[in-house]
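A short write-up of the structure that comes next.
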Amino acid sequence: MGLRLHADGERVIGTVTLDRRHEGAPGFAHGGAVATVLDDALGSVLTLLRLPAVTARLEVNYRRPAFLGRRFDVEAWVESRDGRKLYLAGELREGGEAVADALGLFLEVDVEHFLRGARELSEAAPGAPEDERRELRLPW
Numbered sequence: 003m004g005l006r007l008h009a010d011g012e013r014v015i016g017t018v019t020l021d022r023r024h025e026g027a028p029g030f031a032h033g034g035a036v037a038t039v040l041d042d043a044l045g046s047v048l049t050l051l052r053l054p055a056v057t058a059r060l061e062v063n064y065r066r067p068a069f070l071g072r073r074f075d076v077e078a079w080v081e082s083r084d085g086r087k088l089y090l091a092g093e094l095r096e097g098g099e100a101v102a103d104a105l106g107l108f109l110e111v112d113v114e115h116f117l118r119g120a121r122e123l124s125e126a127a128p129g130a131p132e133d134e135r136r137e138l139r140l141p142w
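This note's numbering applies: residue 3 is where the sequence shown begins, and numbers increase by one.
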């Protein structure tokens, strides 16, 4: 996808250029690709803060069309926390104007949640019977 993010204090900022692989309507990025960028950015804030969490809800507001081939700025941050619930926000902008923004609810989990998934994937490594393989093929 070409999403490039880096830490800026407790925020994540970066850039992304969406191309034909992300096309919805002719010449425009698919809303799902825009949502993916924002979900990745919000999740990266949690990685930065070393908070293992999973997405419980993601609300995306599409403000204007995201044209293919243009560079977008991405920013994400923590809005608040209530126990295990982490509320994050993010924005996709072009030339300083919001293209889309997101609010996400993430639930903090024990790190074992992710380790268990990694073990399951390694057990279904290449060479395993076809019905045991888990493949993830994304267009980007």
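Each residue gets a CB set at the ideal place from its N, CA and C atoms; glycine is no exception.
Keep in mind that this is a model prediction, so the values were computed, not measured.
- About 7 angstroms separates the CB atoms of Leu88 and Leu48; that is less than 8 angstroms, so the two are in contact.
- Across the set Gly16, Ala58 and Arg6, the C-alpha of Ala58 shows the shortest separation from the C-alpha of Arg86.
- Around the Cβ of Thr17, a 10 Å sphere holds fewer than 16 other Cβ atoms; the residue is exposed.
- Shortest Cα-Cα distance from Val76 to any of Val56, Arg52, Val36 and His115 involves Val36.
- Distance check between Ala102 and each of Phe69, Arg118, His115 and Asp112 places Phe69 closest, using alpha-carbon atoms only.
- If you compare the alpha carbons of Leu53, Ala55 and Arg95 with that of Pro67, the shortest gap goes to Arg95.
- Around the beta-carbon of Ala31, 16 or more other beta-carbon atoms lie within 10 Å, marking it buried.
- Pairing Glu61 with His24, the inter-Cα distance amounts to about 19 angstroms.
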